[in-house]
Amino acid sequence: MALGDSKTLSVSAKGTGGLDFYTGWKTNAEWISESGIDFKNTKQVLEWYKKEYSNWDSIWLELFEFENTTFTPRPQYCMPLDQKWEAHANITIIGDAAHLMPPYAGEGVNMAMLDALQLSESLTSGKFNDLKSAIAHYEKQMFARFAEMGKETLDNTDFMHSPNGLKKLLEMFHQFS
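For the sequence shown, my numbering assigns the number 4 to the initial residue and increments by one for each residue that follows.
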């Protein structure tokens with residue numbers, strides 16, 4: 004992950020040997036349609052990157068120069084932190100479907116795994132008289148966990164995309180060392 008100029012660039016290795024990478028910055032919700040960029044045209048995306056990340060080291064250009072890169076713009080959303088719904092006896096949701104949020108806390112997979120564990124425990128524990136009660140118990144835990152992690156990811160999103168994002172991130176890591 005790299006930060007600077009109120010922007011981020013995140014890279015992750017995939018099991019296939021490829022890379023996924025993401026750019027991040029604060030903009031309006033209509034940026035994708037208003038940008039005029041044809042995201043299937045790698046040259047256009049490269050030119051956008053060179054302009055928008057002009058103060059960044061050229062080492063990152065390689066990600067954008069590879070002609071076979073597929074660019075898929077994805078705005079980052081977060082569900083309301085106080086999201087709730089009435090439990091049903093025949094359906095619930097887990098993972099990103101239950102608590103969509105930006106990736107800046109790094110907890111998405113962990114939350115999805117814990118959702119699956121807590122749902123399975125609620126359904127198999129024998130503590131509940133019916134499925135609706137078991138699902139309601141799981142959802143109560145999930146809502147509370149999402150409110151906490153959602154706030155953390157929104158706070159991280161704000162500071163990482165601020166002018167002092169790198170400094171703040173380093174300070175955060177230093178407090179754990």
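Think of the CB as a built atom: it goes at the ideal place given N, C-alpha and C, for glycine as much as any other residue.
Keep in mind the model is a prediction, meaning the values are calculated, not measured.
- For residue 64, the secondary structure class from DSSP, reduced to helix, strand or coil, is helix.
- With at least 16 other beta carbons inside 10 angstroms of its own, residue 122 counts as buried.
- For residue 100, the three-state secondary structure derived from DSSP is helix.
- When secondary structure is reduced to three states using DSSP, residue 7 falls in the strand class.
- Sixteen is the threshold: when 16 or more other Cβ atoms of the shown chains lie within 10 Å of the Cβ of residue 137, as they do, the residue is buried.
- In the pairwise beta carbon analysis, the region 101–108 is classified as not touching the region 123–132: fewer than three pairs are separated by under 8 Å.
- Put simply, the region 84–94 does not touch the region 65–76. Fewer than three CB pairs are less than 8 Å apart.
- No Cβ-Cβ contact shorter than 8 Å links residue 34 with residue 9.
- In the structure shown, the three-state DSSP call for residue 38 is coil.
- Secondary structure of residue 95 (DSSP, three-state): coil.
- DSSP, reduced to helix, strand and coil, places residue 156 within a helical segment of the structure shown.
- Cβ-Cβ distances below 6 Å link residue 155 to 108 in the same chain, with the five nearest sequence neighbours on each side left out; the list follows chain order.
- For residue 51, the uninterrupted alpha helix (DSSP H) run begins and ends at 45–55, by DSSP.
- By the neighbour-count criterion, in which a residue is buried when 16 or more other Cβ atoms sit within 10 angstroms of its Cβ, residue 173 is exposed.
- Close CB contacts of residue 169 within its chain, under the 7 Å cut and outside five residues either way in sequence, are with 6 and 7 (chain order).
- Take residue 105, set aside five residues on each side of it, and the residues of its chain with a beta-carbon closer than 7 Å to its own are 79, 81, 156 and 160, in chain order.
- Assignment of beta-bridge partners to residue 12 by DSSP yields 5 and 26.
- Residue environment analysis places residue 97 among the buried positions, since at least 16 neighbouring C-beta atoms fall within 10 angstroms of its C-beta.
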